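In UniProt numbering, the protein residues as written are 1 to 159.
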């Protein structure tokens, strides 16, 4: 298993210490998982947009906590929750139907729900859902199999 399969979600870790507003910056500079946090040094904080002493302290505590957890050891009975976004079919596209589900990254999907306010104005409510792995609409059956079923089959064959 690679390190990312054993990670907590980065967003949830940042949210736990009140730094979720920096999530986009973390991912933009290549920090995509909780395991990546363990490699951060205090010299990296400005690159991540962490400048206030309070934020620096919170991030330092988070990094120390991540380092203290044994995230890289495989767990014996770990369940991984994956989701695959289905692209619109040809017929749905021809009818002009909107694709309301989008993949933000390999761990998050958004669902855009059309709503109507009391004043009858239209707006879109965006819901985010986090998973261990998200397969986008371009993912192949082979890719999904290799990431989900193949490890299980190998485990059963080599017991």
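Every residue gets a Cβ at the ideal spot worked out from N, C-alpha and C, and that includes glycine.
All values derive from a computational prediction rather than experimental measurement.
I'd like the ranges of any beta strand (DSSP E) spanning at least 3 consecutive residues and lying wholly in the segment 31-110. 82-84, 101-105
Nearest to residue 140 by alpha carbon, out of 87, 27, 119, 41? 87
In three-state terms, what does DSSP make of residue 158? coil
Answer yes if the segment 103-122 comes into contact with the segment 53-66, meaning at least three C-beta pairs across the two stretches below 8 Å, and no otherwise. no
CB of residue 142 within 8 Å of CB of residue 135, strictly: no
Drop a sphere of 10 angstroms on the beta-carbon of residue 16, count the other beta-carbons inside from all chains shown, and report buried for 16 or more, exposed for fewer. exposed
In the structure shown, what three-state DSSP assignment does residue 4 receive? Only weak support is given to the placement of residue 4: the predicted model assigns it a pLDDT of 43, under 50, and the value that follows is read from those uncertain coordinates. Of the three classes helix, strand and coil, the one that applies to residue 4 here is helix, per DSSP.
Shortest alpha-carbon distance to residue 64 belongs to which of 37, 43, 128? 37
Does the beta-carbon of residue 93 have 16 or more other beta-carbons within 10 angstroms, so that it is buried, or is it exposed? exposed
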